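All remarks here apply to the structure that follows.
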Amino acid sequence: MFIIAAIAYAFSIFIDVSVYHFKYYLKDSENVRHLLSLINIFQYCSRGFILIFIPIMAYVTESIKDKNEVWGITIVAHFLVILFLFPLYSHRFTSFFALKVIIVLNRFFGKSKPFTLEKIEKQSKRNMVRFSGDWFFFSINYIAGFLFSISITFLYYINFSYPQKALMLSSLTQVINMFGSILLILLIDPKIMGAIDDGQGYKEIKILTTSRILAHITLVLILFYIR
Numbered sequence: 114m115f116i117i118a119a120i121a122y123a124f125s126i127f128i129d130v131s132v133y134h135f136k137y138y139l140k141d142s143e144n145v146r147h148l149l150s151l152i153n154i155f156q157y158c159s160r161g162f163i164l165i166f167i168p169i170m171a172y173v174t175e176s177i178k179d180k181n182e183v184w185g186i187t188i189v190a191h192f193l194v195i196l197f198l199f200p201l202y203s204h205r206f207t208s209f210f211a212l213k214v215i216i217v218l219n220r221f222f223g224k225s226k227p228f229t230l231e232k233i234e235k236q237s238k239r240n241m242v243r244f245s246g247d248w249f250f251f252s253i254n255y256i257a258g259f260l261f262s263i264s265i266t267f268l269y270y271i272n273f274s275y276p277q278k279a280l281m282l283s284s285l286t287q288v289i290n291m292f293g294s295i296l297l298i299l300l301i302d303p304k305i306m307g308a309i310d311d312g313q314g315y316k317e318i319k320i321l322t323t324s325r326i327l328a329h330i331t332l333v334l335i336l337f338y339i340r
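Per the working numbering, the sequence shown runs over residues 114 to 340.
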C-alpha cells in the first residue's frame, strides 16, 4: 500500500500538468471538440488516482495509526511527483506521449474516429519572452500548486498532532484546496489557453511545470523540517 499510494498521487499530479502539454502539442482544426473531449477523459484519470491515494492514507492514519508510515508515504509521493514531472521538459517525450495517449483514447471512446493531428514543434528561444517578465504568473502557479498539494497530503500527518480536530482539519483542507482551484480557474488556465490560441503557450507551460516542481520540492523540505 505504501508504494501504491505514493505512485497514485504522483500520477495524478503528472496527468494534471501534462494535460496542458497535450493542448499545446496536439491540434486538429476539424475535430477540435472531439480532441478536447479525449484530453478531458485523460485529465479525469487524475481524479481516479486521487481516489486510490485518499483511502489508503485514511486507512494508514485511522486503522494502522502509524505516524512514521504516513510521513514516509507523503514524502515519497512528493519526491515521485518531482521525478515524474521532469520528463515533461523533453519535447520528444511529451509530444510522443501525448500522441500515443490520444490515439489509444480515440480507439476506445471515439470508435477510431478519423482525424489528423497536427504536431506543434516547440518554440525556439528567439521567439520566447524571457521568464524574468513573468514572475507574477510563476508565483500564482507556485501558490496554486502548493495549496493543492499541501491540502491533500499534509492532512493525514497533521491529524496525529490534533486527533480531536479531524473534522475541522478536513474542512480547512477543503477551503485551502478551493483557493488553489480559484487561482487555477481565474488566473492560470485562461492565460495558458489564450497563449496557445495565439500560437504561443510554450513559455507559459514551462513556467507551470517549473513552478509545480519547485512547489513539491518546498513540500519535501517542510516535511523534513516538521519531522
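Cβ coordinates follow ideal geometry from the N, Cα and C atoms, glycine included. Small disclaimer: the values here were computed from a predicted structure and weren't measured.
So residue i and residue j are in contact, right, with Cβ under 8 Å, and what is the actual spacing, rounded?
i, j, result
"residue 213", "residue 219", "The pair is not a contact, with the Cβ atoms about 11 Å apart (cut-off 8 Å)."
"residue 354", "residue 133", "The structure shown does not extend to residue 354, since the chain spans only 114 to 340, so no value can be given for it."
"residue 269", "residue 174", "4 Å"
For residue i, I'd like the list of residues in its chain whose CB is within less than 6 Å of its CB, leaving aside the five on either flank, ordered along the chain.
i, result
"residue 124", "162"
"residue 117", "none"
"residue 335", "none"
In the structure shown, what three-state DSSP assignment does residue i receive?
i, result
"residue 230", "coil"
"residue 140", "strand"
"residue 310", "helix"
"residue 122", "helix"
"residue 224", "coil"
"residue 114", "coil"
"residue 340", "coil"
Would residue i and residue j be called neighbours here (beta carbons separated by less than 8 Å)?
i, j, result
"residue 152", "residue 114", "no"
"residue 198", "residue 127", "yes"
"residue 206", "residue 200", "yes"
"residue 293", "residue 264", "yes"
"residue 266", "residue 122", "yes"
"residue 129", "residue 159", "yes"
"residue 119", "residue 196", "no"
Excluding sequence positions up to five away, which residues of its chain have a Cβ less than 7 Å from the Cβ of residue i?
i, result
"residue 141", "148, 228, 229, 230, 231"
Within a Cβ cutoff of 8 Å, which residues of the same chain sit near residue i, ignoring the five residues on either side of it in sequence?
i, result
"residue 185", "115"
For this session: Count the C-beta pairs between the segment 252-266 and the segment 299-306 that are closer than 8 Å, then say yes if the count reaches three, no if not.
Result: yes
Exercise. Should the segment 118-138 be regarded as contacting the segment 305-319, the criterion being three or more beta carbon pairs within less than 8 Å?
Worked result: yes
Exercise. Counting Cβ pairs, one atom from each stretch, are 3 or more of them under 8 Å apart for the segment 288-297 and the segment 258-271?
Worked result: yes
For this session: Take every Cβ of the segment 143-162, pair it with every Cβ of the segment 173-180, and state whether three or more of those distances are shorter than 8 Å.
Result: no
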